[in-house]
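Trainee:
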Amino acid sequence: DTGVSQDPRHKITKRGQNVTFRCDPISEHNRLYWYRQTLGQGPEFLTYFQNEAQLEKSRLLSDRFSAERPKGSFSTLEIQRTEQGDSAMYLCASSPTSDTQYFGPGTRLTVL
Amino acid sequence: AQRVTQPEKLLSVFKGAPVELKCNYSYSGSPELFWYVQYSRQRLQLLLRHISRESIKGFTADLNKGETSFHLKKPFAQEEDSAMYYCALSGWSGGSNYKLTFGKGTLLTVNP
Numbered sequence: 039d040t041g042v043s044q045d046p047r048h049k050i051t052k053r054g055q056n057v058t059f060r061c062d063p064i065s066e067h068n069r070l071y072w073y074r075q076t077l078g079q080g081p082e083f084l085t086y087f088q089n090e091a092q093l094e095k096s097r098l099l100s101d102r103f104s105a106e107r108p109k110g111s112f113s114t115l116e117i118q119r120t121e122q123g124d125s126a127m128y129l130c131a132s133s134p135t136s137d138t139q140y141f142g143p144g145t146r147l148t149v150l
Numbered sequence: 210a211q212r213v214t215q216p217e218k219l220l221s222v223f224k225g226a227p228v229e230l231k232c233n234y235s236y237s238g239s240p241e242l243f244w245y246v247q248y249s250r251q252r253l254q255l256l257l258r259h260i261s262r263e264s265i266k267g268f269t270a271d272l273n274k275g276e277t278s279f280h281l282k283k284p285f286a287q288e289e290d291s292a293m294y295y296c297a298l299s300g301w302s303g304g305s306n307y308k309l310t311f312g313k314g315t316l317l318t319v320n321p
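Residue numbers (our numbering), protein chains in the order written: chain A, 39 to 150; chain B, 210 to 321.
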């Protein structure tokens, strides 16, 4: 499968715990995006990388959130001290420069 | 600020009937508009984009800058068209487009 992959697909955690998600983009796609989707809403932009550089972060991304893309390949999204409001589907997408974004299957986070 | 509005959360039609999913946008510049589709238990995928002016799976969408609309149409709906449809807008920054702003989505059900 050469599509965008995300791991884990599901994560259940207790409030206050830290979680980390991984996204593997399509090979040679230099842009990588993170979105968050809550029930009844469309995906909302969180942040994006061009190669290893994080070029924009949404105001939705509080200080508890951090994303990295070392070496411009896979990316990780970490949430520290999770809150119930963080429960959502976290989507990753990748694209070649200025072109169609291809989405992964998402990681569904449930914070108890 | 960029915004996408899909006024219908749910749309139900019979097989063979015409279908139109509405999308209105707000953006001060020249946006690029997309329709993404999510079939049951599948990932979000691009259906079509206005810049390519294609017809995909019988669907077309015309960008109307005067009415700031990008409605999705199909003359004869099929049961396999049942899915969640998201309209999305991409703004321009530094000469290239990047993050997508999504509407809340319309769930289309095509009844036999």
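Positions of the beta carbon are idealized from the N, C-alpha and C atoms, including for glycine.
Owing to the predicted nature of the structure, the values given are computational and were not obtained by experimental measurement.
Under DSSP, the beta strand (DSSP E) around L150/A begins and ends at which residues?
Mentor: No beta strand (DSSP E) contains L150/A, which DSSP labels as neither H nor E.
Trainee: Counting contacts by CB-CB distance shorter than 8 angstroms, is Y71/A in contact with chain B?
Mentor: At least one chain B Cβ lies under 8 angstroms of Y71/A.
Trainee: Starting from F83/A and walking both ways along the beta strand (DSSP E), at which residues does that stretch end?
Mentor: Unbroken beta strand (DSSP E) run through F83/A: 82-88.
Trainee: Report the option in L309/B, G314/B, E229/B whose CA atom is closest to the CA atom of Q271/B.
Mentor: Just to set this straight, residue 271/B is Asp in the shown sequence, not Gln. Among L309/B, G314/B, E229/B, the Cα nearest to that of D271/B belongs to E229/B.
Trainee: Of all the options T76/A, T120/A, W72/A, which has the alpha carbon lying nearest to the alpha carbon of F87/A?
Mentor: Of the candidates T76/A, T120/A, W72/A, the one whose C-alpha sits nearest the C-alpha of F87/A is W72/A.
Trainee: In chain order, what residues of the same chain have a beta carbon less than 6 angstroms from the beta carbon of L150/A, not counting five sequence neighbours either side?
Mentor: Excluding residues within five positions, the ones whose Cβ falls inside 6 angstroms are K52.
Trainee: Using DSSP with H/G/I as helix, E/B as strand and the rest coil, what is D271/B?
Mentor: Looking at D271/B - three-state DSSP - the assignment turns out to be coil, as it is neither helix nor strand.
Trainee: Would you call the segment 223-239 of chain B in contact with the segment 274-293 of chain B, where contact means no fewer than 3 C-beta pairs closer than 8 angstroms?
Mentor: Taking 8 angstroms as the limit for Cβ pairs, the verdict is that the segment 274-293 of chain B does touch the segment 223-239 of chain B.
Trainee: Tell me, please, whether the segment 117-136 of chain A touches the segment 283-293 of chain B by the rule of three or more beta-carbon pairs shorter than 8 angstroms.
Mentor: The answer is no - the segment 283-293 of chain B does not touch the segment 117-136 of chain A, with fewer than three Cβ pairs under 8 angstroms.
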